[in-house]
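Residues in the sequence shown are numbered from 2 upward in steps of one, following the working numbering.
Here a beta-carbon is modelled for each residue, glycine too, at the ideal position from N, C-alpha and C.
These notes are about the structure you will find just below.
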Amino acid sequence: MGRMNHLTLVTATSVRVKSWSDHGELHRLVMGMFQSASLPGEPNEKRAASNILFRVDEAPTGKVLLIRSDIAPTNLPRGAQTKAVSWQMPHAGAAVRFRLTANAIRRARPVTPAVKRGVGISPVDDVADWVTNKLTGALDDVTLFSHDRSVVTSGKSALQLDVVDGYGLVRDPAALQSLLRVGVGRSKAFGCGLLTVARA
Numbered sequence: 002m003g004r005m006n007h008l009t010l011v012t013a014t015s016v017r018v019k020s021w022s023d024h025g026e027l028h029r030l031v032m033g034m035f036q037s038a039s040l041p042g043e044p045n046e047k048r049a050a051s052n053i054l055f056r057v058d059e060a061p062t063g064k065v066l067l068i069r070s071d072i073a074p075t076n077l078p079r080g081a082q083t084k085a086v087s088w089q090m091p092h093a094g095a096a097v098r099f100r101l102t103a104n105a106i107r108r109a110r111p112v113t114p115a116v117k118r119g120v121g122i123s124p125v126d127d128v129a130d131w132v133t134n135k136l137t138g139a140l141d142d143v144t145l146f147s148h149d150r151s152v153v154t155s156g157k158s159a160l161q162l163d164v165v166d167g168y169g170l171v172r173d174p175a176a177l178q179s180l181l182r183v184g185v186g187r188s189k190a191f192g193c194g195l196l197t198v199a200r201a
């Protein structure tokens with residue numbers, strides 16, 4: 002696993018976005034920032050191959066696009082900032098607070114040739130249970146203190162966003178690092194899955 006990861010902040014005032022609720026548009030915007038980065042993988046695998054994740058945060062000055070990637074973006078708008086940050090994981094037992102933007106859904110039946118993808122999925126009512134299960138092995142004693150659910154679009158269909166803030170105790174630093182790097186859950190191409198942590 003790479004020793005470095007790249008965090009990029011892009012303010013809303015530095016980019017042209019028709020609709021911040023169109024996460025298909027945001028996906029194209031984010032991937033455009035890596036246009037000349039020679040990303041590995043096939044065209045439809047480039048995001049996953051470099052673990053490019055993003056989410057939209059609300060700051061006092063407006064919306065901010067937070068991007069995490071293995072490779073530094075190469076086509077940033079003016080004013081955007083990228084930092085290469087070494088992985089310095091909290092030790093086992095350390096208390097941390099976290100934020101996760103996720104697509105908290107549950108599939109009612111498995112995908113088979115007779116069952117189309119997207120059929121039989123439903124929103125999760127108990128988000129705390131869903132988050133705890135997703136973070137199992139990385140964090141113990143997960144407690145949520147904030148949850149906001151909204152519905153945006155992937156450009157083709159409705160997309161449920163669950164933004165959660167919580168606390169937990171580090172169980173396995175390596176498992177936590179893996180989740181920070183590859184993301185949590187589905188729809189990672191559309192602004193879901195990015196997990197961030199800080200010492201509590």
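Counting C-beta pairs with one atom in each stretch, the stretch 18–36 and the stretch 169–185 have fewer than three that are closer than 8 angstroms, which means they do not touch. Cα atoms of Leu77 and Glu43: separation of roughly 23 angstroms, rounded to the nearest angstrom. For Gly25, the enclosing alpha helix (DSSP H) starts and ends at His24 to Gly33. Counting along the chain, no beta strand (DSSP E) covers Leu77, and no H or E run does either.
If you look at Asp141, you'll find it in the beta strand (DSSP E) that goes Leu140 to Thr154. Counting only runs of 4+ residues, the alpha helix (DSSP H) found wholly inside the stretch 164–193 occupies 174–183, in chain order. Excluding the 5 residues flanking it on each side, Ala159 has same chain C-beta neighbours closer than 6 angstroms at Val152, in chain order. Secondary structure note for Arg17: it is in no beta strand (DSSP E), with a DSSP letter that is neither H nor E. Apart from sequence neighbours up to five positions away, the residues of its chain that approach Gly184 with a beta-carbon distance below 8 angstroms are Asn52, Leu54, Cys193, Gly194, Leu195 and Leu196, ordered along the chain. With a beta-carbon spacing of about 6 angstroms, Ser15 and Arg79 fall inside the 8 angstroms limit used to define contacts.
Distance check between Thr83 and each of Gln89, Phe146, Met90 and Pro74 places Pro74 closest, using alpha-carbon atoms only. With distances taken between CA atoms, Arg56 lies nearest to Thr102 out of Arg98, Thr102 and Trp131. In this structure, Asp163 keeps its C-beta atom at 8 angstroms or more from the C-beta atom of Ala85.
The beta carbons of Ala49 and Pro41 sit about 10 angstroms from each other, so the pair does not count as a contact at 8 angstroms.
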